[in-house]
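**Student:** As they're listed, the protein sequences go chains A and B.
Residue numbers for the first sequence, in the working numbering: 1 to 411.
Residue numbers for the second sequence, in the working numbering: 1001 to 1411.
There are 2 protein chains.
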Amino acid sequence: MLLPRLSPLLRSATATAQFQLASKCLAGRRWQRPYSVATEPTLPGLDSSKLTVTKTTTPKDILSSDELVFGRTFTDHMLSIEWTAADGWLAPRITPYQNLSLDPATCVFHYAFECFEGMKAYKDPNGKIRLFRPDKNMERMNKSTARIALPQFDGNALIDLISKFVKLDERFIPSTRGYSLYIRPTMIGTQRTLGVGPPGSALLYVIASPVGPYYPTGFKAISLQATDYAVRAWPGGVGDKKLGANYAPCIVPQMTAARKGFHQNLWLFGEEEYVTEVGTMNFFVAIKDKETGQKELITAPLDGTILEGVTRDSVLSLARERLIPEGWKVSERKCTMKEIASASEEGRLLEVFGAGTAAVVSPVRNIGWRDRMIDCGLKEGEEAGELAARMKDWIEGIQYGDESHPWALTI
Amino acid sequence: MLLPRLSPLLRSATATAQFQLASKCLAGRRWQRPYSVATEPTLPGLDSSKLTVTKTTTPKDILSSDELVFGRTFTDHMLSIEWTAADGWLAPRITPYQNLSLDPATCVFHYAFECFEGMKAYKDPNGKIRLFRPDKNMERMNKSTARIALPQFDGNALIDLISKFVKLDERFIPSTRGYSLYIRPTMIGTQRTLGVGPPGSALLYVIASPVGPYYPTGFKAISLQATDYAVRAWPGGVGDKKLGANYAPCIVPQMTAARKGFHQNLWLFGEEEYVTEVGTMNFFVAIKDKETGQKELITAPLDGTILEGVTRDSVLSLARERLIPEGWKVSERKCTMKEIASASEEGRLLEVFGAGTAAVVSPVRNIGWRDRMIDCGLKEGEEAGELAARMKDWIEGIQYGDESHPWALTI
């Protein structure tokens, strides 16, 4: 059992009492913020040099490739760092993978003080371990924690700690192309009181799961249900942060789409039926202009209603670098279902794909919209468009080290 | 440590695999739903007769009234019931209050599969224990669980189990007026895999905390910041369910309001600036009609963007029964900040209050809106309007058993 070494109760209670007291001041009277949600500058930050390592005495068996199911089995160890409002970040620990022991009043169970990241470690042809743009994950995770009053941390320090953890569990990283080690940094609020306020303590932990390719036998194009009855995100909400809160509400719509034979929801927004995201991926559509015939790759803009995907950013960057010279236009702009349907009808819809860490790119065959089925341009028997296939090759080429690129961090 | 007796891994993994397999079917091909999110009719439902009780061997001290802080200390025991997709509801257990031991991959930590209820037990003048409208909490909790693919349960069975739990820990219920035992039923998803899908296992648990009156020295009117930059809920979202997901995102706006000297946010919606909720309470406003002079008690309608508060429903019911005969109009309708501001300017704003389980009613002194401060009708030095005071008396009269009423369940 991983038992918190400190009793956060008294500290947390004090912080909450301060907050409640402060909340009781009269309107119009200015008062000091009781404490910053970020670590106070005077409090210890995340310090990777303080890491302690306790190795497992019961190493696990390595599963064969065909036994791997996404996020079901984990490596021998885990990385944990506790934070308290009074003491800042405590010494990081690598321990055997083990259960968390938490009071049933802990705020993560009641008020969803939780956020996470998804990233991968790859084995390159020289047997070196590579991370893909981990700085982007750190940056996004700090945005997530700030939004729900969890503490900030030094991203470079966490990358350093994750590197040490991944190296210790290196034997779990499959060396076959398409396989990788999925890394899940998670932060939860651990204050054990029911008052609704900023958590006075938190736990940042990282676990890792060896995973196989999303499409083991090559691409499989998916079908989407354009969904308007359920709304994933909205302006002023938290849909652009990687919070647990954004996920549980998506399952029933996903099951509803699945019952109708679709693989995923295509989340629409507003009366205009703007396309935003697909399932838990960002959405890309390639259209040929009606007048000029110019090809345009379009994805929704970062307006607060879509996740700032690392793969999304990578697709956009590569498209700007490698497709614009070929004559493409690359746009972050709003796009409606109507625009996609018209392009499909007129034979101008080149292809549609989702983009995310799990699948890299996920080609789309068709979209069920109202009472119609929109064809997304794949020929019969074809499972991916040319663009999706090229993007996957480009990104995997960087991830697995075929190509030397600043996005790859060799650890 | 409360260790799950069953290993949900295999069952959960099977359920997820089924779901993933099903999700991979081609569009247009009809297929069976892999399993219902509700307990299958053939699976065991929640059965209070199967309860086992393990009493604590280290009973806690009872705190004096002035030491009680909301949700900080808990009774000797807790109630737990596990559910699995394969076996339905397992035998309920009352055990000593203890930590939960959960795998770090458990879905509650990553995707916010969690919902809760807040209810109270009161001691009446005869020393009997009373619950207030527990059927409403059960009904709402089942709506919450259904929305995030957690299992349904028999509300009467859970009321029966909660009654047994509360009776066992009866000595923690303060007998002083204004004091009560706050009861927190909670359900979390316990599947320990990272795939985003319906949890194959769950834990329903109930803990209880003795609490004092929200306003120990009588009412204290609060100040609200009309908040439009952050949006709590949206049509098609989950703001009408009591999910953990709705709470963490409210803390930073609450701290922002507090830094400006306000106690709570008043959540606005849309360009029209409709008032929806205040902090974690429902919102009521009493206005005198410009033409007829008729008094109207207004609260936002249940349009999916506000919580279906039990206290809200109680205030509405009592207002319909006891205020309409006095000439009042009682309305569930949309109301804008502009309407409230106009009424205030014209001396027609009678009073404003929040309503919720914690405070019953919470009078509002003023609302900061844009660059103005809207006066809510309280005289200087006055901490509650007549209506808020009457409502509190009426509801507490039923809760503490001064008045015999079908809303009170003596256990």
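Every residue gets a Cβ at the ideal spot worked out from N, C-alpha and C, and that includes glycine.
Because the structure is a prediction, the values reported are computed rather than measured.
(1) Where are the beta strand (DSSP E) runs, 3 residues long or more, that stay fully inside the segment 111 to 167 of chain A, in chain order?
(2) I want to see whether chain B comes within less than 7 angstroms of N126 of chain A, judged by CB atoms only; does it?
(3) Please state the DSSP three-state secondary structure of P104 of chain A.
(4) Using 10 angstroms around the beta-carbon of I324 of chain A, count the other beta-carbons present and answer buried if the total reaches 16, otherwise exposed.
(5) Tell me the residue span of the beta strand (DSSP E) that contains G1045 of chain B.
(6) The beta strand (DSSP E) that contains E1351 of chain B, what's its start and end?
(7) Which residues in chain B have a C-beta closer than 7 angstroms to the C-beta of T193 of chain A? List them in chain order.
(8) Where do the ends of the beta strand (DSSP E) carrying D1393 of chain B lie?
(9) Residue range of the alpha helix (DSSP H) that E1296 of chain B falls in?
(10) For I425 of chain A and chain B, any beta-carbon pair shorter than 7 angstroms?
(11) At which residues does the alpha helix (DSSP H) containing T193 of chain A begin and terminate?
(12) Taking Cβ positions only, does I398 of chain A come closer than 7 angstroms to chain B?
(13) Sort A:G71, A:F116 and A:I94 by Cα distance to L79 of chain A and report the nearest one.
(14) On the three-state DSSP scale, how would you describe T1428 of chain B?
(15) Strictly below 8 angstroms CB to CB, what residues from chain E border H110 of chain A?
(16) So, under 8 angstroms CB-CB, R1192 of chain B and A1105 of chain B are touching, yes? Tell me the CB distance rounded to an integer number of Å.
(17) Please report how far the alpha carbon of N1137 of chain B lies from the alpha carbon of T1056 of chain B, in whole angstroms.
(18) Under a Cβ-count criterion, where at least 16 other Cβ atoms within 10 Å of its own Cβ denotes burial, should N1366 of chain B be classed as buried or exposed?
(19) What residues of chain A sit near Y1229 of chain B, judged by a beta carbon separation below 8 angstroms?
(20) On the premise that A208 of chain A lies in contact with I188 of chain A, defined as a C-beta separation below 8 angstroms, what is that separation, rounded to the nearest angstrom?
(21) Could you work out which residue in B:E1170, B:L1158, B:F1284 and B:E1351 is closest to R1140 of chain B when comparing CA atoms only?
(22) Which residues of chain A have a Cβ atom closer than 9 angstroms to the Cβ of G1197 of chain B, listed in chain order?
(23) Using a Cβ-Cβ distance under 7 angstroms, would L1100 of chain B count as near chain A?
(24) Could you check whether M391 of chain A and V315 of chain A sit closer than 7 angstroms to each other, using their CB atoms as the reference points?
(25) Using 8 angstroms as the threshold, is the segment 1281 to 1297 of chain B in touch with the segment 1338 to 1354 of chain B, meaning 3 or more CB pairs across them?
(26) Report all residues from its chain with a CB closer than 6 angstroms to the CB of R133 of chain A; omit the five preceding and five following residues, and keep chain order.
(27) By the 10 Å Cβ neighbour count, where 16 or more other Cβ atoms means buried, how is I62 of chain A classified, buried or exposed?
(28) From the beta carbon of D87 of chain A, is the nearest beta carbon of chain B less than 7 angstroms away?
(29) I want to verify the contact list: residues of chain B whose CB lies under 8 angstroms from the CB of T280 of chain A, in sequence order.
(30) DSSP state of Q254 of chain A, grouped into three classes?
(31) Compare the C-alpha of G45 of chain A against each of A:K242, A:E326 and A:D87 and name the closest.
(32) Can you give me, in chain order, the residues of the segment 1143 to 1156 of chain B that have a beta carbon less than 8 angstroms from any beta carbon in chain A?
(33) Comparing C-alpha positions only, which one of B:G1218, B:G1293, B:Y1111 and B:G1354 sits nearest to R1312 of chain B?
(34) Count the other CB atoms, across all protein chains shown, that sit within 10 Å of the CB of V1037 of chain B; report buried if there are 16 or more and exposed otherwise.
(35) Indicate the three-state DSSP secondary structure (helix, strand or coil) for P325 of chain A in the structure shown.
**Tutor:** On the basis of the coordinates in this document:
(1) 114 to 116, 119 to 123 and 129 to 132
(2) no
(3) coil
(4) Classification of I324 of chain A: exposed, given that the 10 Å Cβ count is below 16.
(5) No beta strand (DSSP E) contains G1045 of chain B, which DSSP labels as neither H nor E.
(6) L1349 to G1356
(7) G1071 and R1072
(8) Secondary structure note for D1393 of chain B: it is in no beta strand (DSSP E), and the uninterrupted alpha helix (DSSP H) holding it is E1386 to Q1399.
(9) No alpha helix (DSSP H) contains E1296 of chain B, which is instead part of the beta strand (DSSP E) from K1295 to T1299.
(10) Missing from the structure shown is residue 425 of chain A; chain A here goes from 1 to 411 and no further.
(11) Element bounds for T193 of chain A: n/a, residue is neither H nor E.
(12) no
(13) A:I94
(14) What is shown of chain B runs 1001 to 1411, which leaves residue 1428 of chain B out entirely.
(15) The chain inventory of the structure shown lacks chain E, comprising the protein chains A and B.
(16) 5 angstroms
(17) 28 angstroms
(18) N1366 of chain B is buried by the Cβ-count criterion.
(19) G236
(20) That pair is no contact at about 17 angstroms.
(21) B:L1158
(22) I251, Q254 and M255
(23) At least one chain A Cβ lies under 7 angstroms of L1100 of chain B.
(24) yes
(25) yes
(26) V310 and W407
(27) exposed
(28) no
(29) Residues of chain B passing the Cβ test: V1196.
(30) helix
(31) A:D87
(32) With the criterion set as a beta carbon lying under 8 angstroms from some beta carbon of chain A, the members of the segment 1143 to 1156 of chain B are A1146, R1147, I1148 and A1149, in sequence order.
(33) When each option's Cα is compared against that of R1312 of chain B, the closest is B:G1354.
(34) With a pLDDT of only 47 at V1037 of chain B, under the threshold of 50, the placement of this residue in the model should not be trusted; the figure read from the coordinates follows. By the neighbour-count rule (16 or more Cβ atoms within 10 Å), V1037 of chain B is buried.
(35) helix
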